[in-house]
Each structure stands twice: as structure tokens, then as C-alpha cells.
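Colleague: As you go down the protein sequences, you meet chains A and B in turn. Throughout, our numbering is defined as the position within the first sequence, counted from one, plus 497. Throughout, our numbering is defined as the position within the second sequence, counted from one, plus 236.
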Amino acid sequence: MFFPVVAVLAAFLVGGVFILAIGESPLQTYSLLIGSALWWPDGIGYTLFLATPLIFTGLAVSVAFRAGLLNIGAEGQLYVAAFATAWVGIVFANLPAAVLVPLCCTAAVAAGAMWGAIPGILKARFGSHEVINTIMLNFIAVAFVSYLTQYHYRTPGDAILETAPIGANAHIPRLARFIPGFPERIPLNVAFLLALVCCALVYFFLWHTKWGYELRATGSNPSAAEYGGISIRRQIVLAMAISGGLAGMVGINEVLGYRHRYYDGFSDNYGFTGIAVALLGRNHPVGVVLAALLFAVLTRGGVPVDAFTQHVTKDIVQILQATIILFVAAEALFREGLRRWVKF
Amino acid sequence: MIELRNISKRFGAVQANDHVSIKVEPGTIHAIVGENGAGKSTAMRIAYGFYTADAGEILIDGQVRRIGSPQDAIALGIGMVHQHFMLVDTMTVADNIVLGAEPGSPLSLDLQEADIRIRALSAEFRLSVDPHARIEDLSVGQQQRVELLKALYRKARLLILDEPTAVLTPQEVEEFFGILRGMRKQGKTIVIITHKLAEVLALSDDVTVMRDGKVVGRVETKETSAAELARLMVGRDVLLHVHKPEAKPGAQVLGVRNLSVKTAAGAKPVDNVTFEVRAGEIVGVAGVEGNGQTELVEALAGLVDPLRVSGDVDLEGQSLSGMNPRRRRERGIAHIPEDRHRRGLLLEFALTENAILGVHYRRPITMLPGDAVLDDGEIRRRTVDIIKRFDVRPPNPDLPARALSGGNQQKLVIGREFELNPKLLLVSQPTRGVDIGAIEFIHDKLVKLRDGGCAVLLVSAELEEVMSLSDRLLILHKGRIAGEVNPQVATAAEVGLLMTRGH
């Protein structure tokens, strides 16, 4: 809990040096960055909206990691899932909302889970490494849904590469409907609440069910898990499927809650940022939420920094993100240095 | 040669060394004994510069020296061989030996010269090993020789060996002791950290005994006995021999007929083995390590791919063929694995989570809804129960298993497996890396389990252990049963012969 916080603070220090070197005031820049990201209602609204996909992908990467697997494929999983969500929303547009929304959500989870399970099965069956296969499947996923959009589901005459809109019954409400004074234009929607529910569910699953125990045992020591009567192969496939399903839920936020259609190339590297979110969040659901919020604050706050300072561009956000990741990854070094320093 | 004076070292709340003074005479073999956690390794790591002492001084050849790093120690002629070897598996023996002390200029590596020196050292100290062999192709005993050569190559006059025999077979131990005696003759000084008393008595000139971070005794080896050393180490009288009543074997529990295990490479580590274990008896399996013991036990536990196993195994007359570990456990087979770190424990997990491994999926560990949710109350009760009955220390169920000493980890594993009320217990190396006090406890528990009617199959590399615990003793040699002896009447020499030569 302590070290990620130190890493973030250290990253802000390093970023401050950059800002000074550029010739601006770090304090002013940071207060602009953070202040604007938390400003009511637009700042906070967009920040939470941006955090939603990162919570899903952060959870996805965390679950796989708990099973000892590196899911680099959340990006591909969420693309496939978003397309599947839109497809169901278009094809079954006439179903009543009470049926269609759950159906679309199921499609998102199922498509993501399936795409995630593929490298799981390949690993369980042939021992091929999931890192390579998930990366490969990212390319396949992106190209595949692009192709489907371009040649089969594009609205004729539409200049943008996107599908036709989904049926209105498949829309999920924006949070503006429930919060007085919260403007309708902010796309924050119930998928954010779903993300928080998923965090709670993942926590309960991992630490309070036998399946979660088996998954974590496999990640912690596969030989001991096997000795304890746990099928490693099954756990690998299961963990990758759950991971893919969680990543797939990004499609719910994107398609049902925001754009109401599949928009090609919509993901702002959510799948890859999810890896950083999981790393910073220590692969714990609560940590994932906090880390996702931080990354969302940086992304959201970068916009006004770009606009309202003389020299600092929103690249500072990338410097901060990268430095945070570096520091978190170098935790062992940190720990040793700190120990020597404090000498406890 | 080396003298530690009033060395103290604290790690957090633990006083690892408390005014430790050890004096090692040149040209002698000096044993430092004590239970795990007594502070032996800490003291020697301070001497080697791994840690710096909070207080106290180190004298080399009568002069106070500052040893701030292993480099300082090496410069002063001190070498150390760790319990876990520090070798690069994919590199050759010569590469490993010169690593960090490469001959030649910074731009060109003169391996020729290294080769000559390594060969000379090999000959001088009878450490025969091929300088061009890869580490991964060597046996553990040979790897240890490489570690010794590494220290000698750096011109060590004093060698500190941390638990050097823990990984060796009885034969290798003998050979190893021969090498050490040879080194002493050549004028080297050797410090050996161990908790095996027989080895101390066989090898050393002087003994320093440590307990709870303090030196509690310094004796000449020829004037002491195992009983005295054990008393000093543990702080009370210890039973060094197993006390066990006559076995009353009942019906056959485990039947093994023509069991073979094949590896992917086509080798047959277990080759056509037939035996039985009856209720209420301990059947021992002796053998030089690597003669099929591991594969035999893993096959019986269901941990070997069924496609690699042939022959029949049955439990109380019912075949176990093709059954996975979970089903076997449900049938009443408990298993204490030889390597508790690799197989037996989830080191990062709490004791509570380790206490349910293998039964985590069923009642009473699980509860509604759907028998999917873990019953934390029940898990805690079970863990506390094991901790109490098996004297696991510290008795805190929330600690990670890693935080426990080897002996306490083993007690946890044993407690967990006993909790199954097994019909058959497969137990490998039950006391490896375990303190004397805990060994006595574990042996006693095994005998009690037997007397309760459990069939026990015991594999151990410690000949003394299998001979004293078993009611019948099988000897494995190259995957086959080379003979069966009655351990009450057989001598260690007879068994040793079967172990090395087969029929």
C-alpha cells in the first residue's frame, strides 16, 4: 500500500523537474492538472468516465496475474467484445430493454472471455507462452473487427469507420439521470457502477471462494497447487477467460453507455494501460480502482495543461505515467534504498 | 586464523547474534552447530562481509580487520560456500569459477590460464571435475566441488561452508569429508555450519555451539558426545533414538504390482516395482537419492502423468489407476512431499490457506451457497488446531508460511496431512532441514500414526532415519527393488551395499 504512493509522489517530483526545465511552475501546473480533473461536474465526471475502462482492464490483468499469467491481450479482448456488443445491439435491436441490455452485456463478457481463453487453451494444451499469443491475438482482433466494420457493418455513406447505431433499447443510462445538477452531456454512465461492482465481485471471488483460492494457488506455486489436487491446465484457461471477460466489459461502457455503436479504433490503449493500472494497484481490486482513478486524473487533467500553460504540453502526462510505472517496477530497489536510509 | 569478538547483530526485533565470540585455530576444521535460527549463518555472513555487525570486531591472524563486503573478505583469504549454490547453470565450470575474477585484461578473457590453474587446483585438492562441463549437467556433489574450487581459485585460506551436506547423498558426504580432510592437511582452515551431529563428530576438531543467537559452548570434538552437543543445542535432554513399540501389521492397504514410471526422455526411473504396505506398519524405502524414490512416491500420489505410469496400484483392493491427486486424497492417501517449498506449501500464503490445501474444495471448508464459499471460521479453527497439536511456532495463523523456520513449516505440512485421517501416508524426507527437537517430535508422530492403524510408506535419504523408523525396509537401486531387509537386524553396511550395488 505504501510503495505505490511513494512511487507516485516520486514521479511527480521527477515530473516537476521537467516542468521547471521547460520554464513553468510545477506547483501551478500540477494544481491546474489535478484541480481541473476534479472540478465539479465536468472534471470529475470525465475523470470517472475515463477511469471506467481502466478499472475493467486493470482488473482483467490482475486476475490473470494472480494465476501467474501475463495477459497482454486485454486490448484485443476489449475490441472483440465491443464489436460483439454492438452486433447484438444492432441485430436484436427490437427486443425489449430488459432483455436486450443483459444480452448485450453477456455478449461483451462472452466475446472477451472467448478471446482471452484462446491463449489460455494454447498454453494449457501446448505450453505456448501466453505473452506471445495475447500480443498476436491483439493484432488479429483489431484487424478482424476493422474488417467486419469496414465491409459488413458500416453505414453506407458514413465517412467514419463505425457501425450503424445499436437499438435504443440497448442504451444504458448516463449517471446524469440519477444525480441532480449533473449535466447530461457527460458520458459517465452506469458502466462505472458496474465496474465498482466487478471490483467487489473479483475481491470476493479471489479471496473467499474455492475457485479463487485455486486460481491464486496456481499463480503462487503451480507445483503445490497440483499437489493439492488442483488442475493447473483448467486454472490457466479459467483465469484467462475471466480476465478476457473483464476486459470485454469495456465494451459495455463504450457501446451501450457512450457511443451507442462500434467505433473503430475507439480504445485509447485501455488494454495496455490496464497493465500499468494493475501493476500500480498491486493486483488488488481496491488498488486497481485507485490506480485507474489516478491515470484518469492525469489523462483528463492533461487537456487543460495543454491549453492553459505557455510551454507545458499534455506530454507531461505521459512523462508522469511512465515515471510512475518505472518507479513501481523498481520497487525492490526503492525498498532496499529506503531500508538503508531509515535503517530499521 | 579468524576470531569473532563480541559480535552482535539485530534484525528488526530479532537479536540474531548476541555477543558472539568464536575463535578458529589455523589448520583446523571448526564446526558451528545449532538449531535453525540459532544465529550460525548470521555470524558467518558477518565474517564474510554480507552483513556488518552492530557491535564487535573481527580479527584475522590476530589483527583487527574491517570486513565491509565479500570483496574485503576474499582479499583477506576468506571464501564461503552457501547452502544454495551460486552458480550459473548454463555456463561451464571454468566460466563459473572465474566469474568475477576473470583473468586477462578487461578486453580479453584469458581462459587458457584459468584452465591451467583450475586443473592444478583440482589435482592438488582431489576435486575432480571437468572444467568444460556445463553446471546443469553436473550432479549436486560435483556442483559443490565447483563452489569449493571457486573459493580456492580466489586463494581462500579459510573456507566457510554453510550446511554443505544438506544436499549430498551418504556416499557423497563420505567423499566430501575426504576432500575436506585433505584440505586441512594442505593447511587450509575450514568452518562448517551444520546441525548434523554425526558429521560434527566425524569431521571436526573443535565445536562451537550456538543457541538463540548466543554461543553456549565451545568444546573439543574428541571430548564431547552427540548427547552433550544435542543438550547444548536444544537446552534440554533429547532422545536421539526412536522409541517405538512392536508393529502389529493388519490387512494390506497399498498394493503395488509391476509399477513402472517412464520419463519423456525414455528413461525408467521406476522399473517394475512390486510391494505392499499393510495397516499399522512403516515400510521404509532406502536408496541413494535419484534412484527412483521421488518418482515412486509421486506416481503413488497421482502426480505423474498417467500415460507415463504402468502397472497396478490399489488401495484396500480398489485400483487407483488413472486417478488424479484429488481423487486419491479422497480415498485416504495423505502425502508429505520431499520438497515442502516446491510441493508442500504456498509460501506467500497465510498458514490458514496452507492448512486447507487439498481439502479446500469440500465440506467442511466450504459452505453454502453452492459449496463455493470458503468458511473462514472453520479454516481458522482447523489451522489453530493444527498449530496446537503440532506445536507450530510462532502460533500465528495469519503469518505467511515463508515466515516459519523449516521445522515449523514441516510440522504444518505434517499436521495438515494427518488431519485427513489417512489410510495410507506417503512421506518423503520428513526431517530434511528440520531441527533436532522437531525431528524427535516428527518421528514420534509418525510412529503414533502407525500405531493408530495407518499404513506408512517412508522414503528418506538419512539411512539412520529409515533404519530406525521402519518395520520393513526396501532398498531401491536404479528404480528396482534391490532387496528387502529387516531393519532391526540388518546393519547399515549391508543396506549400504544394496544401495550402491543392487543385487
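Glycine included, each C-beta is placed from N, C-alpha and C at the ideal position. Since the structure is predicted, the reported quantities are computational estimates derived from the model, not experimental observations.
1. So who's on the other strand from Gln-251/B, going by DSSP bridges?
2. Ignore the nearest five residues each way along the sequence and tell me which others in Thr-667/B's own chain have a CB closer than 8 Å to its CB.
3. Short of 9 Å Cβ to Cβ, which residues in the segment 705-728 of chain A face chain B?
4. Going by DSSP in three states, Val-683/B sits in which element: helix, strand or coil?
5. Quick one: which chain A residues come within Cβ less than 7 Å of Asn-210/B?
6. How long is the line joining the alpha carbons of Asp-507/B and Val-521/B, rounded to whole angstroms?
7. The beta strand (DSSP E) with Asp-812/A in it runs from where to where?
8. Residue range of the alpha helix (DSSP H) that Ser-717/A falls in?
9. What does the alpha-carbon distance come out to for the pair Ala-579/A and Ala-608/A?
10. Consider the Cβ of Phe-585/B: report whether some Cβ of chain A lies at a distance smaller than 8 Å.
11. Is it buried or exposed, Lys-840/A, if we count other Cβ atoms within 10 angstroms and call 16 or more buried?
12. Tell me whether Asp-391/B sits in a helix, a strand or coil according to DSSP, three-state version.
13. Leaving out five residues on either side along the sequence, give the residues of the same chain with a beta carbon under 6 Å from the beta carbon of Val-511/A.
14. Report the CB separation of Leu-575/A from Gly-745/A in whole angstroms; it is logged as a contact under 8 Å.
15. So does Val-683/B have its beta carbon nearer than 7 Å to some heavy atom of the ligand PLP?
16. For Leu-790/A versus Ala-826/A, is the C-beta distance shorter than 8 Å?
17. Please state whether DSSP places Phe-589/A in a helix, a strand or coil.
18. Ala-487/B to Ile-569/B, Cα distance in whole Å?
19. Got a sec: is the Cβ-Cβ distance from Glu-589/B to anything in chain A below 8 Å?
20. Could you spell out the range, first to last residue, of the beta strand (DSSP E) harbouring Thr-444/B?
21. List, from N- to C-terminal side, the alpha helix (DSSP H) runs of 4 residues or more that fit wholly inside the segment 572-599 of chain B.
22. How about Ile-623/B and Pro-636/B: are their beta carbons less than 8 Å apart?
23. State buried or exposed for Ala-337/B, treating a residue as buried only when at least 16 other CB atoms are found within 10 Å of its CB.
24. Which one of Ala-583/A, Leu-506/A, Gln-525/A has the shortest CA to CA distance from Phe-805/A?
25. Just mark Ser-664/B as buried or exposed, buried being the case when its beta carbon has 16 or more other beta carbons within 10 Å.
26. Are at least three pairs of beta-carbons, each pair with one atom in the segment 759-775 of chain A and one in the segment 635-648 of chain A, less than 8 Å apart?
27. For Leu-691/A and Lys-504/B, what's the separation of their Cα atoms in angstroms?
28. Verify whether the separation of the beta carbon atoms of Lys-245/B and Asn-253/B is less than 8 Å.
29. Once DSSP output is grouped into helix, strand and coil, what is the label at Met-611/A?
30. Is Ile-675/B helix, strand or coil when you go by DSSP?
31. Of the choices Ile-672/B, Pro-481/B, Glu-534/B, Val-317/B, whose alpha-carbon is the least far from that of Met-469/B?
32. Please classify Ile-657/B: is it buried, with 16 or more other beta-carbons within 10 angstroms of its beta-carbon, or exposed?
33. Mind checking who Gly-719/B pairs with in its DSSP beta bridge?
34. Are the Cβ atoms of Gly-547/B and His-713/B separated by less than 8 Å?
35. Quick one: is Leu-517/A buried, meaning 16 or more other Cβ sit within 10 Å of its Cβ, or exposed?
36. Can you find a CB in chain A that lies within less than 8 Å of the CB of His-479/B?
Modeller: On the basis of the coordinates in this document:
1. In the second sequence, counting from the first residue as 1, residue 251/B sits at position 15. Arg-246/B.
2. Numbered from 1 along the second sequence, position 431 holds the residue referred to as residue 667/B. The answer, listed in chain order, is Gln-646, Ala-674, Ile-675, Ile-678, His-679, Ser-696, Glu-698, Glu-701.
3. His-705, Thr-706, Lys-707, Trp-708, Gly-709, Tyr-710, Glu-711, Arg-713, Ala-714, Ser-717, Asn-718, Ser-720, Ala-721, Ala-722, Glu-723, Tyr-724, Gly-725, Gly-726, Ile-727, Ser-728
4. Along the second sequence, one-based indexing puts residue 683/B at 447. In the structure shown, Val-683/B sits in a helix (DSSP, three-state: H, G or I).
5. No answer is possible for residue 210/B: it lies beyond the span of chain B, which begins at 237 and ends at 739.
6. Numbered from its first residue, the second sequence carries residue 507/B at position 271. Numbered from its first residue, the second sequence carries residue 521/B at position 285. In a straight line, the C-alpha of Asp-507/B is about 15 Å away from that of Val-521/B.
7. Residue 812/A sits at position 315 when you count from the first residue of the first sequence. Careful: Asp-812/A lies outside any beta strand (DSSP E), inside the alpha helix (DSSP H) at 812-826.
8. Translated into positions along the first sequence, residue 717/A becomes position 220. Counting along the chain, the alpha helix (DSSP H) containing Ser-717/A begins and ends at 707-717.
9. Translated into positions along the first sequence, residue 579/A becomes position 82. Translated into positions along the first sequence, residue 608/A becomes position 111. Looking at the two C-alpha atoms, the distance is approximately 8 Å.
10. As a working note, residue 585/B is residue 349 in the second sequence. Yes, its Cβ sits closer than 8 Å to a Cβ of chain A.
11. Along the first sequence, one-based indexing puts residue 840/A at 343. Low per-residue confidence applies at Lys-840/A: pLDDT is 47, beneath 50, and the placement is therefore not dependable, though the value from the model is reported in the following sentence. So Lys-840/A ends up on the exposed side.
12. Within the second sequence, residue 391/B is the residue found at index 155, counting from 1. In the sequence as displayed, the identity of residue 391/B is Lys instead of Asp. In this structure, Lys-391/B counts as coil in the three-state DSSP scheme.
13. Mapped onto the first sequence, residue 511/A falls at position 14. Excluding residues within five positions, the ones whose Cβ falls inside 6 Å are Thr-820.
14. Here residue 575/A corresponds to residue number 78 of the first sequence, with the count starting at 1. Here residue 745/A corresponds to residue number 248 of the first sequence, with the count starting at 1. Indeed, because the Cβ distance is near 6 Å, the residues count as touching under 8 Å.
15. The ligand PLP is absent from the structure shown, which contains no ligands of any kind.
16. Counted from its first residue, the first sequence places residue 790/A at position 293. Counted from its first residue, the first sequence places residue 826/A at position 329. Going by C-beta atoms, Leu-790/A is not nearer than 8 Å to Ala-826/A.
17. Numbered from 1 along the first sequence, position 92 holds the residue referred to as residue 589/A. Coil at Phe-589/A, not helix or strand.
18. The residue labelled residue 487/B in the question sits at position 251 within the second sequence. The residue labelled residue 569/B in the question sits at position 333 within the second sequence. For Ala-487/B and Ile-569/B, the distance between alpha carbons rounds to 16 Å.
19. If you number the second sequence from 1, residue 589/B lands on position 353. With 8 Å as the cut-off, Glu-589/B counts as an interface residue toward chain A.
20. In the second sequence, counting from the first residue as 1, residue 444/B sits at position 208. Note, Thr-444/B: beta strand (DSSP E), 442-447.
21. 587-591
22. Walking along the second sequence from the start, residue 623/B turns up at place 387. Walking along the second sequence from the start, residue 636/B turns up at place 400. Against a cut-off of 8 Å, the Cβ pair of Pro-636/B and Ile-623/B comes out as no contact.
23. Looking up residue 337/B in the second sequence gives position 101. The residue is exposed, with fewer than 16 neighbouring Cβ atoms inside 10 Å.
24. Residue 805/A sits at position 308 when you count from the first residue of the first sequence. Comparing Cα positions, the closest option is Gln-525/A.
25. Taking the first residue of the second sequence as 1, we reach residue 664/B at position 428. Ser-664/B comes out buried.
26. yes
27. Reading the first sequence from its first residue, position 194 is the one you call residue 691/A. Reading the second sequence from its first residue, position 268 is the one you call residue 504/B. In a straight line, the C-alpha of Leu-691/A is about 55 Å away from that of Lys-504/B.
28. By 1-based counting over the second sequence, the position of residue 245/B is 9. By 1-based counting over the second sequence, the position of residue 253/B is 17. Yes, they are a contact pair.
29. As a working mapping, residue 611/A is identified with position 114 in the first sequence. In the structure shown, Met-611/A sits in a helix (DSSP, three-state: H, G or I).
30. Locating residue 675/B in the second sequence gives position 439, counting from the first residue. Three-state result, Ile-675/B: helix.
31. Taking the second sequence and counting its residues from 1, one reaches residue 469/B at position 233. Of Ile-672/B, Pro-481/B, Glu-534/B, Val-317/B, the residue nearest in Cα terms is Ile-672/B.
32. Here residue 657/B is taken as the residue at index 421 of the second sequence, counted from 1. The sequence as given places Asn at residue 657/B; Ile does not occur at that position. By the 10 Å Cβ count, Asn-657/B comes out exposed.
33. Within the second sequence, residue 719/B is the residue found at index 483, counting from 1. Bridge partners of Gly-719/B: Ile-711/B.
34. Numbered from its first residue, the second sequence carries residue 547/B at position 311. Numbered from its first residue, the second sequence carries residue 713/B at position 477. It is not a contact, given that the beta carbons lie outside the stated cut-off.
35. Residue mapping note: residue 517/A aligns to position 20 of the first sequence, counting from 1. Under this definition Leu-517/A is an exposed residue.
36. As a position in the second sequence, residue 479/B is number 243, starting the count at 1. No, no contact with chain A.
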